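Protein chains in written order, with the working numbering: chain G, 1 to 473; chain D, 474 to 946. Heads up, the thing below is written out as structure tokens.
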């Protein structure tokens with residue numbers, strides 16, 4: 001039971017709770033390399049599940065994986081001005097190869113737009129070469145000052161899609177397709193409801209024409225930007241001199257997108273679904289769906305563990321057995337901190353009656369079930385649990401979204417209620433900055449489908465846009 | 474047909490042939506980053522197939538994936554003397570993070586032994602924590618002077634297994650288990666026969682107690698070291714102060730292994746199986762097993778392409794369709810350079826008779842086959858082809874292994890016949906060096922299971938070992 005006692009309560013200190021959970025569930029460990037973390041087997045297994053599903057979704061939508069270099073020569077990074085200004089302050093520079101000083105510094109990729117542009121310039125010659133639909137799974141380095149496991153670290157894992165299209169329309173469609181693919185993935189697999197929308201000019205990606213983001217709300221009401229999809233227009237392409245011959249044999253500049261999600265999604269998973277006992281992993285993304293816990297070591301129990309695990313295997317339900325000689329209470333607590341969706345308790349008393357006990361991790365509900373009905377019951381529980389987790393997260397999030405019509409209302413909400421605030425905005429960056437300075441709340445994204453019938457929440461002038469505001473990780 | 478004409482003949486200039494094939498088959502492209510390559514979709518897809526099979530084999534043998542940091546602080550690298558001497562000359566050094574000079578240089582990992590040791594020191598406390606069976610898929614950087622796609626580059630992809638065990642025996646078993654797992658993978662999937670054996674003291678890994686390697690012979694008789702498995706004893710563990718309490722509550726030092734294979738295996742695939750028309754990919758590792766080529770665009774042909782691809786899909790046979798308006802000859806040549814195991818030609822004349830034509834890439838044999846028997850025929854062809862490719866590679870390799878009893882015989886063979894030479898050796902490094910200096914032939918590995926009944930091939934003193942010698946990539 002010690003595990004539970006060691007976890008700080010969520011409502012006491014959410015930041016401490018988070019750190020307790022990631023370490024006690026053995027997702028990560030700290031390394032001797034400042035700002036970098038070690039992703040432990042259980043944390044990495046979650047990432048592998050995410051990769052598996054996303055990679056399939058990318059391939060189904062016609063994307064191919066490639067691998068670009070890890071390093072970017074300084075001169076290549078410098079080609080696009082806005083981009084270099086956005087990234088140069090936070091890159092790691094390689095200056096020596098062995099004992100020799102390099103003629104030109106190389107940065108460790110903080111993102112790979114310029115590498116893809118450099119490649120596209122070589123391989124795109126004709127309309128027949130388009131579209132190019134590429135993706136890359138890789139390590140990224142950004143020299144962050146303050147770091148937190150999964151949320152912000154000097155090094156993280158991600159995928160970055162980079163595509164080129166003959167027309168602006170096609171590229172915009174791609175940008176939105178990938179945004180909605182991410183939204184679907186997070187809804188259906190991570191059971192995380194996300195708000196998707198366009199970023200303001202101030203918040204968009206360095207060099208992009210438009211950035212769309214996925215905004216998830218954590219338990220504490222703080223936003224986590226959980227993925228982005230960028231439309232570049234032909235801005236980078238022009239800068240890099242990428243051109244193709246169209247069907248009429250005339251030169252045109254192609255249109256570009258990029259889109260990415262990272263190991264940060266594991267942080268979102270923890271902070272949306274976790275509770276005071278630890279992680280709660282949605283069944284569809286859980287690397288281990290069932291933890292089988294034997295109570296005592298009678299022959300009856302041991303035999304039933306074997307029967308059960310055989311049928312779990314046959315039914316493709318991933319599982320783990322805890323048949324250690326620890327107390328049942330300790331085993332339960334350990335299973336709870338790890339967040340396995342369901343545990344099955346196999347004890348002599350239940351078995352005498354031909355029963356097993358199934359416990360749902362999210363509700364801790366105990367369900368007694370006849371031995372021979374366990375697989376169908378399990379499948380049913382996992383399906384219901386997946387939906388329940390999403391519904392619960394959605395309900396909680398929606399209960400923490402407020403509306404502010406003027407600055408005094410905004411101030412009152414911002415100072416008393418964690419969550420997002422919907423408000424109208426004139427479009428002036430000064431108002432956006434004022435809200436950020438006063439409340440540490442940045443604009444999250446534009447709301448496209450709601451009427452704007454009150455003035456700018458900040459200056460009172462006519463409003464052009466409707467926005468979500470929120471604090472962020 | 475232009476593709477074929479552009480490939481240099483293997484027997485004219487093998488190095489040029491290799492470069493032609495990797496670029497014309499679109500496996501890699503050169504980047505603006507000196508010494509680094511771009512792995513293009515088709516090349517990366519082959520790597521993904523390799524990863525999929527190996528990852529399953531690793532997991533079936535109890536290994537778990539983790540992710541260690543990309544960087545190693547200089548002080549951490551310096552802990553183990555032999556190791557740092559082996560790697561320091563060829564690492565890339567990060568000296569700046571953004572605008573700030575780092576207090577301590579970080580190298581980009583050339584291999585991760587010290588990072589794993591640093592982690593193991595934290596997490597191994599008791600015999601209950603052992604064994605640790607970890608693997609990592611990642612990018613590696615070594616500052617090579619001369620580079621060639623897949624064979625030697627400043628950056629490559631690999632997997633590195635790192636395990637810790639309570640006893641030396643267990644660790645030795647692990648080392649050999651992984652060596653044989655690799656051998657099985659290369660034999661069964663890559664259709665590459667490899668010689669496995671222990672490296673000499675001179676050739677072993679920096680810091681290891683014993684290194685075992687997989688030695689493949691390329692078409693030109695030159696060796697490619699296609700994977701290694703190292704036994705470290707408790708050498709690193711002692712240096713890093715890793716200790717555990719055994720069952721008797723006494724402190725002991727654990728025993729370690731590491732093992733890895735890289736994208737170099739793609740190079741081996743090319744150089745063992747390729748021919749003057751391009752790549753030949755063994756069916757079991759081919760990302761696309763069947764290329765469907767339509768001849769003409771009659772309704773009959775178009776309809777049959779649909780029927781065929783539907784049944785390929787149903788039968789889990791990966792395929793690609795070339796229904797471009799290029800000539801059949803061009804399409805065939807393109808399919809050949811890419812090395813798809815079989816092509817199916819769908820033409821109006823065949824169709825009238827209810828037939829299709831299947832062409833094996835390895836033999837270019839044409840097999841006419843009734844439409845409705847195509848799947849069973851295909852499965853049969855792919856299976857036979859996989860075995861035939863292995864048998865052919867084995868036969869060719871064995872025909873290029875020679876035996877030398879004395880130095881004049883060694884000289885004659887080395888100067889006239891490409892391939893490996895078996896010879897006996899006294900164990901003196903001077904003899905090993907002399908052979909290297911005279912013929913650029915290094916010892917490949919020890920032969921354990923053959924009698925030693927002649928003296929050292931170099932100095933004539935009594936021989937203790939039997940070795941393979943060969944030039945290497």
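We put the CB at the ideal spot given by N, CA and C, even for glycine. Note that the structure is predicted; figures quoted are calculated from it, not measured.
Interface criterion met: the Cβ of residue 521 of chain D is under 8 Å from a Cβ in chain G. When DSSP states are grouped into helix, strand and coil, residue 73 of chain G belongs to the strand group. Residues of chain D with a Cβ closer than 7 Å to the Cβ of residue 143 of chain G are, in chain order, 570 and 571. Ranked by Cα distance from residue 608 of chain D, the options D/481, D/595, D/702 and D/568 are led by D/702.
The Cβ-Cβ distance between residue 940 of chain D and residue 925 of chain D does not fall below 8 Å.
Comparing C-alpha distances from residue 116 of chain G to each of G/66, G/142, G/85 and G/149 shows the shortest one belongs to G/66. Proximity of residue 316 of chain G to chain D, defined by a Cβ-Cβ separation below 8 Å, is not satisfied. Against chain D, the CB of residue 44 of chain G has a partner CB under 8 Å away; the residue lies at that interface. In the three-state DSSP reduction, residue 611 of chain D falls in the strand class (E or B). Residue pairing for residue 841 of chain D: DSSP places it in a beta bridge opposite D/830.
The beta carbon of residue 624 of chain D is closer than 8 Å to those of 697, 737, 740 and 946 in its chain, skipping five residues each way along the sequence. The three-state secondary structure of residue 581 of chain D, taken from DSSP, is strand.
Your pair residue 761 of chain D and residue 791 of chain D checks out as a contact, with CB atoms roughly 5 Å apart and the cut at 8 Å. Three or more beta-carbon pairs separated by less than 8 Å link the stretch 360-368 of chain G to the stretch 382-402 of chain G, which places the two stretches in contact.
Comparing alpha carbon positions, the residue from G/118, G/348 and G/166 closest to residue 233 of chain G is G/166. Scanning the stretch 20-83 of chain G for uninterrupted alpha helix (DSSP H) segments of 4 residues or longer gives 41-60 and 74-77, listed from N- to C-terminal end. If one requires a minimum length of 4 residues, the alpha helix (DSSP H) runs lying completely within the stretch 166-237 of chain G are 168-188, in chain order. Where residue 825 of chain D is concerned, the enclosing alpha helix (DSSP H) starts and stops at 821-825. Taking a C-beta distance under 8 Å as the contact criterion, residue 110 of chain G and residue 90 of chain G qualify as a contact pair. With respect to residue 422 of chain G, residue 403 of chain G sits close: the two C-beta atoms are nearer than 8 Å.
For the set D/796, D/757 and D/755, the Cα lying nearest the Cα of residue 775 of chain D is the one of D/796. Residue 896 of chain D sits in a strand when the DSSP states are folded into three classes. Beta-carbon to beta-carbon, residue 284 of chain G and residue 189 of chain G are separated by about 5 Å, close enough to satisfy the 8 Å threshold. Per the C-alpha coordinates, the member of D/869, D/879, D/817 and D/874 positioned closest to residue 850 of chain D is D/817. Using a CB distance below 8 Å, the part of the stretch 533-554 of chain D facing chain G consists of 537, 538, 539, 540, 541, 542, 543, 544, 545, 546 and 549, ordered along the chain.
Judged by their CB atoms, residue 49 of chain G and residue 133 of chain G are not nearer to each other than the 8 Å cut-off. Between the alpha carbons of residue 688 of chain D and residue 216 of chain G lies a gap of roughly 51 Å. Judged by DSSP secondary structure, residue 118 of chain G falls outside any beta strand (DSSP E) and instead within the alpha helix (DSSP H) spanning 113-123. Look at residue 465 of chain G here: in three-state DSSP terms it is strand. Each residue's CA atom was taken as its position, placing residue 938 of chain D and residue 898 of chain D some 5 Å apart.
A residue is called buried once 16 or more other Cβ atoms fall within 10 Å of its Cβ, and residue 341 of chain G is buried on that count. Under the Cβ criterion of 8 Å, residue 313 of chain G is not counted among the residues facing chain D. For the pair residue 512 of chain D and residue 603 of chain D, the Cα-to-Cα distance works out to about 38 Å.
Separation of the CB atoms of residue 346 of chain G and residue 314 of chain G is rounded to 18 Å, and the pair is thereby denied contact status at 8 Å. Taking each of D/807, D/544 and D/559 in turn and checking the Cα distance to residue 568 of chain D, the smallest one comes out for D/544.
The beta-carbon separation of residue 729 of chain D and residue 866 of chain D, rounded to 34 Å, does not stay under the 8 Å limit for a contact.
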